[in-house]
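Once you know that position 174 of the sequence shown is 174 in the UniProt record's numbering, the rest is easy, because the numbers rise by one and skip nothing.
We treat Cβ as the ideally placed atom computed from N, Cα and C, and that holds for glycine.
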Amino acid sequence: MRQLATLPDDLLRLPVAHRALHDRSDGRPENSRAAIRAAIAAGYAIEIDLQLTADGQAVVFHDYDLKRLTAETGAVRKRTAAELEQIPLTGGDGEGIPGFDEVLALVAGQVPLLVEIKDQDGAMGPDVGPLEAAAAAALAGYDGPVAVMSFNPHSMAEMARLAPDLPRGLVTSAYDPSKWPLSPEVCDHLRRIPDFDRVEAAFISHEAADLGRARVRALHGEGVPVLCWTIRSLAAEAAARKLADNITFEGYLAAIPG
Numbered sequence: 001m002r003q004l005a006t007l008p009d010d011l012l013r014l015p016v017a018h019r020a021l022h023d024r025s026d027g028r029p030e031n032s033r034a035a036i037r038a039a040i041a042a043g044y045a046i047e048i049d050l051q052l053t054a055d056g057q058a059v060v061f062h063d064y065d066l067k068r069l070t071a072e073t074g075a076v077r078k079r080t081a082a083e084l085e086q087i088p089l090t091g092g093d094g095e096g097i098p099g100f101d102e103v104l105a106l107v108a109g110q111v112p113l114l115v116e117i118k119d120q121d122g123a124m125g126p127d128v129g130p131l132e133a134a135a136a137a138a139l140a141g142y143d144g145p146v147a148v149m150s151f152n153p154h155s156m157a158e159m160a161r162l163a164p165d166l167p168r169g170l171v172t173s174a175y176d177p178s179k180w181p182l183s184p185e186v187c188d189h190l191r192r193i194p195d196f197d198r199v200e201a202a203f204i205s206h207e208a209a210d211l212g213r214a215r216v217r218a219l220h221g222e223g224v225p226v227l228c229w230t231i232r233s234l235a236a237e238a239a240a241r242k243l244a245d246n247i248t249f250e251g252y253l254a255a256i257p258g
């Protein structure tokens, strides 16, 4: 029986900078090279997001649309990686949207990476594959501490097929239907975290306000590492650490254990 990949120790020890150590007021947009360099310098683990381009590449960007984070509009996946590189991130120094390969070369194992593969189906369904393939190809030669995760269990099932030795996890939530563009049935399904064993997950990263959920506590009681998102103050961090093994944070500087 194959030994399941486990979460790197430093992704349990080092606070995880959400979308890297971003601060637009200081010229560091989220998921930017500047934010990644700042997180490395501070010694934090880094969470980044992947989206798919028109030419099948993985780029480091959170949203499906360009409008919140750039002066452009339209879907990321309608542009090529070369085109996205030329679109400056708002609040930065003119740098464009980075490719995943470039970010891996920039981090180069100096700190752990937690890579979220954004749902490409639109409804957490099975229409996935190209982004996972691009991510797996980029990570094939990477030897730093890294793990991948997604809200979409089908994405992690595909990563299990493409890169079985890569640690993977599920991003999980209370899935309040009023806050998600999903059907109540899909919310009910995902809320129960029924796919954990099917995708051979090594961890979950759960919504911080919902860490007391019975299913989350049961997984934790079975020895499953529980990370959480997104912490925005020292007080929230203190509360979350009573129930979670590590935090994903933004908007303040989390303490790094000695």
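Going straight from the alpha carbon of residue i to that of residue j, what length do you get?
| i | j | result |
| --- | --- | --- |
| M159 | A236 | 32 Å |
| G125 | H154 | 7 Å |
| L50 | L84 | 13 Å |
| A41 | T53 | 29 Å |
| A135 | G99 | 11 Å |
| P257 | R13 | 7 Å |
| W180 | D9 | 32 Å |
| A238 | A82 | 42 Å |
| D143 | F196 | 25 Å |
| A137 | T80 | 18 Å |
| I87 | K78 | 13 Å |
| E72 | I97 | 12 Å |
| A254 | P194 | 32 Å |
| S178 | F203 | 26 Å |
| V171 | V224 | 13 Å |
| V226 | V60 | 24 Å |
| P167 | L114 | 10 Å |
| A35 | D23 | 7 Å |
| residue 259 | S205 | What is shown of the chain runs 1 to 258, which leaves residue 259 out entirely. |
Looking only at its own chain, which residues have a Cβ that is under 7 Å from the Cβ of residue i, when we skip the five neighbours before and after it?
| i | result |
| --- | --- |
| S233 | Y252 |
| M1 | In this predicted model, M1 has a pLDDT of only 38, less than 50, meaning its place in the structure is not dependable enough to derive any value. |
| G74 | D65 and L66 |
| I231 | A208, E237, A240, I247, T248 and F249 |
| L182 | A123 and M124 |
Whole-angstrom Cβ separation of residue i and residue j, contact assumed at under 8 Å?
| i | j | result |
| --- | --- | --- |
| A133 | L162 | 6 Å |
| A58 | D165 | Going by Cβ atoms, the distance from A58 to D165 rounds to 19 Å, so no, they are not a contact pair. |
| A45 | V16 | 4 Å |
| V128 | L139 | With 8 Å as the limit, V128 and L139 do not qualify as a contact, their Cβ atoms being about 16 Å apart. |
| C228 | A244 | 4 Å |
| E95 | R37 | The pair is not a contact, with the Cβ atoms about 11 Å apart (cut-off 8 Å). |
Do residue i and residue j have their C-beta atoms closer together than 7 Å?
| i | j | result |
| --- | --- | --- |
| T248 | E47 | yes |
| S173 | E207 | yes |
| A201 | G169 | yes |
| L11 | P112 | yes |
| L66 | A39 | no |
| V216 | M156 | no |
| G56 | P130 | yes |
Excluding the five sequence neighbours on either side, which residues of its own chain have a C-beta within less than 6 Å of the C-beta of residue i, listed in chain order?
| i | result |
| --- | --- |
| L190 | Y175 |
| D210 | A174 |
| T220 | A quick correction: the sequence has His, not Thr, at residue 220. Excluding positions up to five away in sequence, the list reads V226. |
| E43 | Contrary to the premise, residue 43 reads as Gly rather than Glu in this sequence. Cβ neighbours of G43 beyond the five flanking positions: I256. |
Once you ignore the five residues that flank residue i on each side, which residues in its own chain have a CB closer than 8 Å to its CB?
| i | result |
| --- | --- |
| H62 | R19, E30, N31, D49, Q51, L69 and K118 |
| R241 | I247 |
| R192 | R215 |
I'd like to know if residue i contacts chain D, where contact means its C-beta is closer than 7 Å to some C-beta of that chain.
| i | result |
| --- | --- |
| E95 | Absent from the structure: chain D. Only one protein chain is present. |
- Message: Taking contact to mean 3 or more Cβ pairs, one atom from each stretch, closer than 8 Å, check whether the stretch 108-118 and the stretch 146-157 are in contact.
- Response: Note that the stretch 108-118 touches the stretch 146-157; at least 3 beta-carbon pairs, one per stretch, sit closer than 8 Å.
- Mind the definition here: the stretch 88-96 touches the stretch 104-113 only if three or more C-beta pairs lie below 8 Å; say whether that holds. No, they do not touch.
- Query: Can we say the stretch 23-31 touches the stretch 173-187, given the rule of at least three CB pairs closer than 8 Å?
  - Reply: Taking 8 Å as the limit for Cβ pairs, the verdict is that the stretch 173-187 does not touch the stretch 23-31.
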